[in-house]
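Numbers 79 to 710, taken from this note's numbering, label the letters of the sequence shown in order. Note that CB positions come from ideal geometry on N, CA and C, so glycine has one too. See structure below.
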Amino acid sequence: MDYTVALIFGAVIIVVFAWDQFQRPSYDGSRELTRLIEILTPSKMRKSGIYLRAYLVYVVLLLVIYFTLCAYVEILFPLLGLEIAGAGGISDEVGAPQLPTNCQTAINTAVTGFSPQAVIGGQDLSAGTGECAPPPERTGDPMIPLGVSLVMVGLAPSVPILLRVEEKIRFLAHRLSGIPTRLIAGSVQLKRKPLKIDDADGKTYLIAPRDWQRIHHCESIAGGILNEPHQFSTDLRKIMAFRAWVLEDKLHLSRAVIRDGFSDIEADVSKRIGRLVLDLDTLTTGEQDTTDENGNARMFAVWEKIAEEAERLAMDVCVLCVLYVEHEIVPTAAEAERLGWTRNGTDDITENEHQMGLARSSLMEFVSDGNHALDRDSIDMVLWSRSTLAVLTVTFIYGLFFGQNSVTSANSATGQSQMGLALLTMFFALLTYALALFLAIRYHQEASRQGTWRNIFTDNWARWLPDLLQVLAVAAFASVGCRVLYNIMATTFAVGWEPVRDNFLSVLRYAFEYEAPQAMLGPVLALMVILITDAWRSGADRILSRLPILTGLVMAVAGATMRAFTAQVALSARGADFILVEQLPVILRVAIPAGLIGLAVGYYIRGTLKQEFSWMLEEEPHVTELQEQAAE
């Protein structure tokens with residue numbers, strides 16, 4: 079079997095294995111999900127598009143591990159205490175047979191760090207730099223990828239380190255897609271919020287008269303017994319409304335095919351509501367023994383037990399409401415017209431249609447407030463995921479069409495493969511931008527929610543500058559750390575662990591000098607995203623309209639500056655002089671994609687904020703004040 083075919087076949091095995099593995103919960107049964115955890119799989123917690131994107135993140139990370147193991151099997155598998163037949167097919171020397179050196183003037187030190195040519199695929203850092211010795215050829219034994227894939231699929235559960243890695247990756251992918259965090263947060267939010275229904279003025283909200291009588295009778299009795307009668311009343315109204323609207327389908331919910339997937343949960347909730355109603359009827363129709371202290375204690379204990387069951391049922395009802403909003407079975411106010419829940423006029427409608435309209439309005443208001451709270455809490459993840467998506471898209475396209483112009487050596491890691499160059503470009507963009515953007519956006523949004531963030535467009539510079547410097551420091555530490563760690567890892571794979579260990583300070587110094595300037599593009603982009611968010615939040619529309627272009631220009635200038643500094647560091651290590659005219663093509667090859675990244679992220683983030691989160695400005699009480707300050 080050809081090595082490439084075996085490599086692809088092994089990747090397919092990983093993908094198939096990942097589909098079932100991704101369905102496994104990455105969370106312990108929380109108090110909110112204890113009763114539903116056995117029948118509520120991760121795929122049901124989010125809509126199919128979001129779930130598939132989360133699965134894509136999971137499988138891509140597994141494939142990165144798979145390809146890394148295939149490339150460096152002789153080094154990594156002994157560390158895991160494993161052996162694979164065919165591993166000897168790789169040359170005894172993994173990576174470069176010697177330290178990469180300039181073929182014109184060899185560096186005299188034992189180890190100065192990993193050569194930039196070996197790290198980034200042979201980019202020409204200086205004109206006239208000779209090619210280094212080619213890497214050793216690999217025999218490509220097809221047993222290696224097949225063995226690695228089978229180990230990851232079959233032995234991972236029995237190898238602690240592999241099991242922990244897989245669990246962490248699955249945990250990360252689930253959390254990025256809100257599994258089950260969005261469901262838990264949404265159900266808790268709805269549990270705290272009362273459902274606005276009342277049978278006054280001829281309003282029934284499609285709830286049967288017998289159920290209204292039951293509600294009022296229970297409220298009148300429990301009011302003098304329970305410690306929290308209001309909470310019991312709120313829970314009971316949600317339960318009765320849910321039974322009428324959803325379980326009895328009086329609201330004619332949409333997307334019946336998707337709803338069938340929750341039939342088991344509905345059946346379980348329906349049975350428990352039936353038992354609760356029976357217990358309430360038995361308790362309220364019987365004689366209340368309150369003749370002595372013991373009788374009062376017994377009655378209190380019985381009603382407390384009923385109230386606890388009602389609270390659990392109300393939580394399950396809220397869980398189902400969040401699920402139905404997620405899968406568009408129940409619409410929010412913004413989606414009501416598209417799903418046919420609005421009426422055009424009020425003339426010539428029956429009483430049942432009138433009550434249905436009242437019930438639908440009450441339910442939509444109930445779930446819309448909860449959904450807005452979820453969106454407000456998840457805005458940081460939306461901004462981060464879309465910023466990262468824009469970065470990876472631009473870098474992949476640029477690497478696919480223009481990456482070959484950056485390669486001067488046929489012996490580079492990717493050779494002449496355009497796809498390989500595109501993927502390599504994406505990988506370095508991920509190291510540079512992903513973690514820096516995540517930490518900066520999360521810090522900014524959390525501080526904004528707590529009211530401690532000073533808006534750049536409304537506050538004095540002396541107040542917002544410390545916040546901005548803190549964000550810059552956190553993002554820079556993350557981005558530089560990722561690039562430096564990769565540089566050291568690549569050096570270790572190329573020359574072995576012992577030379578790196580013996581000369582670690584030299585390796586670290588060169589890795590920092592070479593990687594840190596390029597890594598600073600991540601913090602710069604993160605600051606521009608924060609500027610766009612602050613301009614949107616303050617209502618500075620004129621500034622907001624120009625910020626995407628400014629972001630592109632700032633990123634282009636930053637890319638050119640950082641690349642020039644990096645080239646100077648590399649040339650100084652080789653004893654060569656930095657000449658701007660000779661280095662200009664290399665500098666532009668970094669400045670242009672950096673500028674395109676800034677434009678793409680700027681326009682995407684501005685559009686996301688204006689189109690999807692405009693309602694947040696209407697709900698925040700301080701927005702009007704901020705807009706007035708911005709206008710001044």
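Local Cβ density within 10 Å of residue i, reported as buried at 16 or more and exposed below that
i: Q291; result: exposed
i: S227; result: buried
i: E429; result: exposed
i: K349; result: exposed
i: N305; result: exposed
i: L599; result: buried
i: G680; result: buried
i: N449; result: buried
i: V562; result: buried
i: W462; result: buried
i: I30; result: Outside the shown range of the chain, which is 79 to 710, sits residue 30, and nothing can be said about it.
i: K122; result: buried
i: S298; result: exposed
i: T190; result: A caution first: T190 carries a pLDDT of 31, below 50, which makes its placement in the model unreliable, though a value can still be read off. It is buried - the Cβ of T190 has at least 16 other Cβ atoms within 10 Å.
i: V578; result: buried
i: I384; result: buried
i: A645; result: buried
i: K274; result: exposed
i: R248; result: buried
i: A412; result: exposed
i: D327; result: exposed
i: V94; result: exposed
i: I657; result: exposed
Element boundaries [alpha helix (DSSP H), containing residue i]
i: I317; result: 307 to 320
i: G264; result: 259 to 270
i: K246; result: 238 to 254
i: N581; result: Where N581 is concerned, there is no enclosing alpha helix (DSSP H), given that its DSSP letter is neither H nor E.
i: P656; result: This sequence places Phe at residue 656; Pro is not what is there. Counting along the chain, F656 falls outside any alpha helix (DSSP H), and DSSP gives it neither H nor E.
i: H432; result: 429 to 480
i: F643; result: 619 to 651
i: I299; result: 287 to 300
i: F95; result: 81 to 100
i: A411; result: That residue, A411, is in no alpha helix (DSSP H); it is neither H nor E in DSSP.
6 angstroms Cβ shell around residue i - same chain, five flanking residues per side excluded
i: L140; result: I92, A96
i: L331; result: I407
i: I519; result: D458, L461, W462
i: Y129; result: S121
i: A188; result: For A188, the predicted structure reports a pLDDT of 27, less than 50, and the residue's modelled location is therefore unreliable. The matter cannot be settled from this model.
i: L674; result: V472
i: M504; result: L470, T473, F474
i: G676; result: T629, G630, M633
Nearest residue (CA-CA) to residue i, options the options
i: A468; options: A672, P120, I257, P258; result: A672
i: E245; options: I275, Q433, V137, A411; result: V137
i: V143; options: M123, I239, V83, P120; result: According to the sequence displayed, residue 143 carries Ile and not Val. Cα-wise, what sits closest to I143 is I239.
i: A414; options: S446, E386, A604; result: S446
i: I257; options: L515, L452, L224; result: L452
i: R464; options: A678, K269, E387, L147; result: A678
i: A597; options: V229, P272, T510, E386; result: T510
i: S557; options: I627, V90, A514; result: A514
i: L622; options: D580, I665, D545, L687; result: L687
i: V347; options: K328, L329, L358, V324; result: V324
i: R321; options: L662, D394, P626; result: D394
i: F535; options: S526, W614, Y476; result: W614
i: S126; options: M694, Y402, G232; result: Y402
i: E382; options: R337, A618, C560, I303; result: I303
i: D98; options: V231, G280, H294, A392; result: V231
i: I670; options: G477, F555, M567; result: G477
i: S56; options: T146, S692, L666, L147; result: Outside the shown range of the chain, which is 79 to 710, sits residue 56, and nothing can be said about it.
i: R131; options: L250, S255, P103, D357; result: S255
Close Cβ partners of residue i (< 7 angstroms) along its chain, the five nearest in sequence each way excluded
i: L550; result: P601, L605
i: V647; result: E591, Y592
Neighbourhood of residue i by C-beta, 8 angstroms cutoff - its chain only, sequence neighbours within 5 removed
i: R541; result: R532
i: L417; result: S332, E406, P409
i: G339; result: K122
i: Y521; result: Q548, V549, V552
i: A388; result: F310, D313, L314, I317, L354
Quick test of the definition: if touching needs 3 or more C-beta pairs under 8 angstroms, does the segment 586 to 593 touch the segment 610 to 629? Look at the beta carbons and you see the segment 586 to 593 not touching the segment 610 to 629: under three pairs across the two are nearer than 8 angstroms.
Assess contact between the segment 632 to 639 and the segment 577 to 588, defined as three or more Cβ pairs (one per stretch) separated by less than 8 angstroms. Is contact present? no
Touching by the beta-carbon criterion (3+ pairs, under 8 angstroms), the segment 650 to 664 and the segment 435 to 445: no
Hey, is the segment 324 to 344 in contact with the segment 305 to 314, meaning 3+ C-beta pairs nearer than 8 angstroms? no
Taking 8 angstroms as the threshold, find out whether the segment 257 to 276 comes into contact with the segment 392 to 403 through three or more Cβ pairs. yes
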